[in-house]
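Here's the structure we're looking at; comments come further down.
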Amino acid sequence: MSECLFCKIATKEIPAKDGFLFENENVVAFNDINPKSPVHILIVLKSHIESIKTIKDEDAQLIGEMFLVAKKLAQEKNLEGYKLVFNVGREGGQVIDHLHLHLLSGWESEYGAPSLRKI
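Quick note: the sequence shown uses UniProt numbering, first residue 1, plus one each step.
Below is the structure:
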């Protein structure tokens with residue numbers, strides 16, 4: 001998808017904010033330019049899949065890899081607690097039609113994160 005923002009970031013056509021926090025052959029991770037929490041990292045597949053709605057059985061390993069990257073980043077950043085979120089479709093808050101996982105953390109309240117309607 002030549003016009004996809006996340007495809008352009010994944011191929012380094014457009015730089016990620018603060019560079020990549022993680023990169024391998026399938027996944028990149030970088031800070032969100034409009035963070036909804038003190039720590040807001042996007043974990044993005046290099047291959048273009050629009051949404052959870054369009055994944056196929058053969059994508060299962062890639063989706064699992066996204067969660068393993070989230071775990072690795074959370075450990076590296078010493079995050080005791082965090083949220084992992086997929087926004088699905090416009091009504092679910094998805095703004096960019098490229099599958100990505102939000103890793104959110106850093107709240108200092110006694111009970112954790114406030115309600116997150118749109119991420």
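Note that CB positions come from ideal geometry on N, CA and C, so glycine has one too.
- Taking A70 as reference, the option from F30, D59, V88 and S47 with the minimal CA-CA separation is F30.
- Fully enclosed alpha helix (DSSP H) runs of no fewer than 4 residues occupy 5-10 and 60-76 of the UniProt domain "HIT" (5-113), in order along the chain.
- With fewer than 16 other Cβ atoms inside 10 Å of its own Cβ, L68 counts as exposed.
- Excluding the 5 residues flanking it on each side, F86 has same chain C-beta neighbours closer than 7 Å at I52 and L101, in chain order.
- V27 is classed as buried because its beta carbon has at least 16 other beta carbons within 10 Å across all chains shown.
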